[in-house]
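Below you'll find the structure, written out as structure tokens, and then a few comments.
Residue numbers (my numbering): 1 to 73.
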């Protein structure tokens with residue numbers, strides 16, 4: 001997708017495996033992003049780690065800006 005703008009930061013997933021996911025990018029000490037393979041092209045999943053309670057929260061959603069993005073391979 002050719003999204004542009006000063007508030008768009010592309011994630012490169014250069015931090016290697018996270019749990020059983022092959023690619024990840026740590027955004028902050030408690031926030032990790034992984035690719036959402038099988039969802040809308042370019043979509044990702046955010047995982048918030050609650051280390052004090054040994055808990056993980058996963059935020060995912062297929063977000064599209066147009067029908068073409070939804071149908072893209």
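Glycine included, each C-beta is placed from N, C-alpha and C at the ideal position. Here the structure is a predicted model, which is why all the values come from computation and not from measurement.
_residue 25 versus residue 48: straight-line alpha-carbon distance, rounded_ = One-based indexing of the chain shown puts residue 25 at position 25. One-based indexing of the chain shown puts residue 48 at position 48. For residue 25 and residue 48, the distance between alpha carbons rounds to 12 Å.
*Alpha-carbon to alpha-carbon, residue 53 and residue 10*: By one-based count along the chain shown, residue 10 stands at place 10. By one-based count along the chain shown, residue 53 stands at place 53. When rounded, the distance between both Cα atoms is 30 Å.
*Under a three-way DSSP split, which group does residue 54 fall into?*
Stepping through the chain shown from its first residue, residue 54 is reached at position 54. DSSP places residue 54 in coil when its eight states are reduced to three.
*Taking the CB atoms as reference points, tell me whether residue 13 and residue 41 lie closer together than 9 Å.*
Residue 13 sits at position 13 when you count from the first residue of the chain shown. Residue 41 sits at position 41 when you count from the first residue of the chain shown. Cβ distance not < 9 Å, so residue 13 and residue 41 don't count as in contact.
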